[in-house]
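Protein chains in written order, with the numbering used here: chain A, 928 to 1262; chain B, 928 to 1262.
The beta-carbon is built from N, C-alpha and C at its ideal position, and this holds for glycine as well.
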């Protein structure tokens, strides 16, 4: 039987050293948002804003800014806005998943119940979209709004198609592009826009973010299958329990023996949780995860191609380094 | 014992006859929004958009536009945007209240569960705020975003302070100004802005909307107490069950005998539903409802003052008529 092979340390950090000072300012700015809320609401927002996060979206916006003419306050601001939208979606995700902890601390719904948490997510959403008006650019407001709508729709399709045997790989990619890719793409694309890049360069860099987000989600989906809960610091195997058909599972359904596939399909159609022990027992399990990992590597190669439009700089190298870091994370999921 | 005195017919319509053609276009436009969503999401949004509503916010925007130079497509659009935000809040409200029906039809949460409904509300929110960028006015985007944030925060404070004996009338007014007044004020204020009125006139008309929304909420709160469920067509007495301290209840706590007040306070502090039979048995019940009604009338008088800045026109008269219509609704709640 295949083993659970990957247990990343929570201390495994994204290679954001180059922009650590800017990320510090982002942290300060995220916490400064608290005072924009009604005093009665502040403590709740403060709790949510004080939870840590990897801040991948702000880091990407800052690195793109640095790579193409210099980081401005606007790059930090778009990072903060996108991170607030991300935080709002996490608050609502945790309600839907009934999650009790995230990043080792109790979730908003665990602390205050679902009703209040629905509203806290809404307030964060509204605030983030209002904050986008500070740019005095309708174009950016529209891009932020669209990205936000994409994230919600991606989540809707995912939720609606749990335990759906007709869910295809093409559906999978569409969903993760919407739910994870869209905000990554907004970070890199809008950052390029703020730096005055041409439309085609902005599009290219938005594409970089989109693919990077997609790989990150593929990694997350593999991790849910192969990770160790104690070490990752969040509830795992929820995809299997909730009937989310992720890339490794879809690969498995493609390649498993007739008998195994029919066993899995039966569980899915009965809306029963997928059994990890059963999955680990399928001979094709390892190659299903490996194939997902290889898909991630292909996308990362395309990401590196996208970065070729940037001239060499510490930031350009850091962006490349992120693709290699993600490649390393993917490799650690290899059975 | 006092009786339940008011049972409005669902057919009791706001006096919107003058703008019925424009409201028809608003209905069409609301349904046109459906196609802006992903095909997989469309059917859900369609269900929500096909539920009827009084469309008070669009009607107000259209009437203001008509009263000050003519209704434009922009007045219709701001009406649609604010109605979509209102619809998003209703979807989330129904989740929080565990409501099974609204306007005689099953709620989104009753049909598809809470998880999907959280996301549907989010998608509607995001879409509405994105649609606001069509105006190419940062000022309007900001106003729409701020109104949206106010609504969410009003709901948060209300939720958080259920069964809270320290909740004052001033807290009550702040909450209903946020959760109901803000969108009414946005409708009338932004409509004035779109018509090119001066800042001070815009503010005056936003104030009109704010007070009108406040009265509408006071009416709704009285109705929850005195209405008949079969006739109103929605679950009533939920405020009492959920421990929402509304104006008539706060009045009652002010004026009830020491013994009665202590009985009510005890229930509130124990987070037990307030018992309608007990409330109806309190001698001061009638005057508590009457006092709330009188507060509404005072605000409606101020609304009429605000309208005095408009020159006479069919629309100005219709806006005045709305204040008298609300006065009539309030009167019907009188025990």
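Selection from the options that minimises the alpha carbon distance to residue i
i: residue 961 (chain B); options: B:1256, B:949, B:977, B:1243; result: B:977
i: residue 964 (chain B); options: A:964, A:1024, A:1079, A:988; result: A:1079
i: residue 1209 (chain B); options: B:1199, B:1220, B:1219, B:1178; result: B:1178
i: residue 985 (chain A); options: A:1251, A:1127, A:1238, A:1001; result: A:1001
i: residue 1049 (chain A); options: B:1211, B:1037, B:1074, B:1154; result: B:1074
i: residue 992 (chain B); options: B:1058, B:1132, B:1097, B:1018; result: B:1132
i: residue 1110 (chain A); options: A:1137, A:1145, A:1036; result: A:1137
i: residue 1207 (chain B); options: B:1191, B:1044, B:1198; result: B:1191
i: residue 970 (chain B); options: A:945, A:949, A:1087; result: A:1087
i: residue 1140 (chain A); options: A:1005, A:1254, A:1152; result: A:1254
i: residue 942 (chain B); options: B:1257, B:1252, B:1260; result: B:1252
i: residue 1016 (chain A); options: B:1009, B:1052, B:1005, B:1004; result: B:1052
i: residue 955 (chain B); options: B:987, B:1003, B:966, B:945; result: B:1003
i: residue 1128 (chain B); options: B:944, B:1236, B:1011; result: B:1236
i: residue 994 (chain A); options: A:1010, A:1036, A:945, A:952; result: A:945
Alpha-carbon to alpha-carbon, residue j and residue i
i: residue 983 (chain B); j: residue 1029 (chain B); result: 17 Å
i: residue 996 (chain B); j: residue 1246 (chain A); result: 55 Å
i: residue 1249 (chain B); j: residue 981 (chain A); result: 52 Å
i: residue 1021 (chain A); j: residue 1034 (chain A); result: 7 Å
i: residue 1149 (chain B); j: residue 990 (chain B); result: 27 Å
i: residue 1158 (chain B); j: residue 1054 (chain B); result: 34 Å
i: residue 1007 (chain A); j: residue 957 (chain A); result: 6 Å
i: residue 1038 (chain B); j: residue 968 (chain B); result: 15 Å
i: residue 1165 (chain A); j: residue 1200 (chain A); result: 9 Å
i: residue 1134 (chain B); j: residue 1119 (chain B); result: 12 Å
i: residue 975 (chain A); j: residue 1014 (chain A); result: 8 Å
i: residue 1218 (chain A); j: residue 972 (chain A); result: 41 Å
i: residue 949 (chain B); j: residue 1114 (chain A); result: 40 Å
i: residue 1025 (chain B); j: residue 1043 (chain A); result: 13 Å
i: residue 1027 (chain B); j: residue 1193 (chain A); result: 32 Å
i: residue 1243 (chain A); j: residue 1228 (chain A); result: 15 Å
i: residue 1186 (chain A); j: residue 1180 (chain A); result: 11 Å
i: residue 1085 (chain A); j: residue 1098 (chain A); result: 9 Å
i: residue 947 (chain A); j: residue 953 (chain A); result: 10 Å
Below-8 Å beta-carbon distance, residue i vs any chain B residue
i: residue 1080 (chain A); result: yes
i: residue 1231 (chain A); result: no
i: residue 998 (chain A); result: no
i: residue 1037 (chain A); result: no
i: residue 1013 (chain A); result: no
i: residue 1151 (chain A); result: no
i: residue 1063 (chain A); result: yes
i: residue 1087 (chain A); result: yes
i: residue 968 (chain A); result: yes
Residue-chain proximity (residue i, chain A), Cβ-Cβ < 8 Å
i: residue 1068 (chain B); result: yes
i: residue 1094 (chain B); result: no
i: residue 931 (chain B); result: Unreliable positioning characterises residue 931 (chain B) in this predicted model, as indicated by a pLDDT of 41, which lies under 50. The coordinate reading is nonetheless provided below. No, because no Cβ of chain A sits closer than 8 Å to the Cβ of residue 931 (chain B).
i: residue 1042 (chain B); result: yes
i: residue 1007 (chain B); result: no
i: residue 961 (chain B); result: no
i: residue 1076 (chain B); result: yes
i: residue 1031 (chain B); result: no
i: residue 1238 (chain B); result: no
i: residue 1046 (chain B); result: yes
i: residue 1022 (chain B); result: yes
i: residue 935 (chain B); result: For residue 935 (chain B), the pLDDT reaches just 44, beneath the cut-off of 50, and the residue's location in the model is therefore unreliable, although a value from the coordinates is still provided. Residue 935 (chain B) does not count as touching chain A.
Chain B residues whose Cβ lies nearer than 7 Å to that of residue i
i: residue 943 (chain A); result: Simply none; closest approach about 28 Å.
i: residue 1291 (chain A); result: In the structure as shown, chain A begins at 928 and stops at 1262. Residue 1291 (chain A) is therefore absent and cannot be evaluated.
i: residue 1049 (chain A); result: 1019, 1052, 1079
i: residue 1060 (chain A); result: 1065, 1068, 1069, 1072
In DSSP terms, what residue i is bridged to
i: residue 1078 (chain B); result: Answer is none; residue 1078 (chain B) lacks a bridge partner.
i: residue 978 (chain A); result: Partner(s): none; residue 978 (chain A) has no beta bridge.
i: residue 1033 (chain A); result: A:1028
Per-residue contacts from residue i into chain A (C-beta, under 7 Å)
i: residue 965 (chain B); result: 1080, 1084
i: residue 1110 (chain B); result: By Cβ distance, chain A contributes nothing, its closest Cβ being about 12 Å from residue 1110 (chain B), past 7 Å.
Where residue i meets chain A, residues with beta-carbon distance less than 8 Å
i: residue 987 (chain B); result: None at all; the shortest Cβ gap to chain A is about 21 Å.
i: residue 956 (chain B); result: The premise fails here: residue 956 (chain B) is roughly 18 Å from chain A at the closest Cβ pair, so nothing lies under 8 Å.
i: residue 1120 (chain B); result: Under the 8 Å cutoff, chain A gives no residues; its nearest Cβ is about 15 Å from residue 1120 (chain B).
Neighbouring residues, chain B, relative to residue i (Cβ below 9 Å)
i: residue 1126 (chain A); result: Near residue 1126 (chain A) there are no residues of chain B at all, since even the closest Cβ is about 18 Å away, more than 9 Å.
i: residue 1137 (chain A); result: What residue 1137 (chain A) touches in chain B: nothing, since even the nearest Cβ is about 16 Å away.
Interface residues of chain B facing residue i [CB-CB closer than 8 Å]
i: residue 995 (chain A); result: The premise fails here: residue 995 (chain A) is roughly 25 Å from chain B at the closest Cβ pair, so nothing lies under 8 Å.
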